[in-house]
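The structure appears below as structure tokens.
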């Protein structure tokens, strides 16, 4: 009986190997094709405008930061709107759009956290995208988002100090106006510096 059992095991083993040597291995699946590059939501080709004046210095909006503004942009006190600890302290307007300056006084807040609080007041948005970005001589976080109804996109940057956060947003009435307003927004982002108060 033991001999028969050993013989059966040998036969099964040989049968299992008989077909194994001749079978061809299936080729590995090809890696998925890379998708087409996403649209340039940041419009990085746009250059900052030239500076003609400055906001956040004496005689303009009192702010913990100062930045340059372009020709045709005028600063005025903010409307006092509040968004989860951020207050609209200044507005810089032109015929293409408006920069709104939001100041938060929560110690230890981060730029990303400030943008997340800011965006809560933007209503229905789509495709919010964040990135670290150079702001003035330091580093901050920038946000861009779309409108599901096809309206003008939105964009904002934020920086933080140990005691304050600052968000600067750009608002326009159309996608075309948004692109025309970007040089003024980028000038503010490029020139932002802290101010002792």
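Residue numbers (mature numbering (1 follows the signal peptide of the UniProt record, and there is no 0)): -18 to -1, 1 to 179.
For glycine and all other residues, C-beta sits at the position ideal for the given N, C-alpha and C.
- Around the Cβ of residue 91, a 10 Å sphere holds 16 or more other Cβ atoms; the residue is buried.
- Cβ-Cβ distances below 8 Å link residue 156 to 133 and 134 in the same chain, with the five nearest sequence neighbours on each side left out; the list follows chain order.
- Between the alpha carbons of residue 138 and residue 25 lies a distance of about 13 Å.
- By the beta-carbon neighbour count (other beta carbons within 10 angstroms, threshold 16), residue 153 is buried.
- In the same chain as residue 60, and ignoring 5 residues on each side of it, the C-beta atoms closer than 6 Å to its own belong to 70, 71, 72 and 73, in chain order.
- For residue 111, the pairing in a beta bridge is given by DSSP as 126.
- When only Cα atoms are considered, residue 166 and residue 125 end up about 16 Å apart.
- With fewer than 16 other Cβ atoms from the protein chains shown falling within 10 Å of its own Cβ, residue 89 counts as exposed.
- Beta-bridge partners assigned by DSSP to residue 55: none are found.
- Selection 76, 64, 103 and 38 evaluated against residue 56 yields 76 as nearest (Cα-Cα).
- Residue 157 carries a helical assignment under DSSP once its states are collapsed to helix, strand and coil.
- For the set 149, 118, 105 and 123, the Cα lying nearest the Cα of residue 131 is the one of 105.
- Taking C-beta separations shorter than 7 Å and ignoring five residues to either side along the sequence, the partners of residue 52 in its chain run 31, 32, 33, 34, 165, 166 and 169, following chain order.
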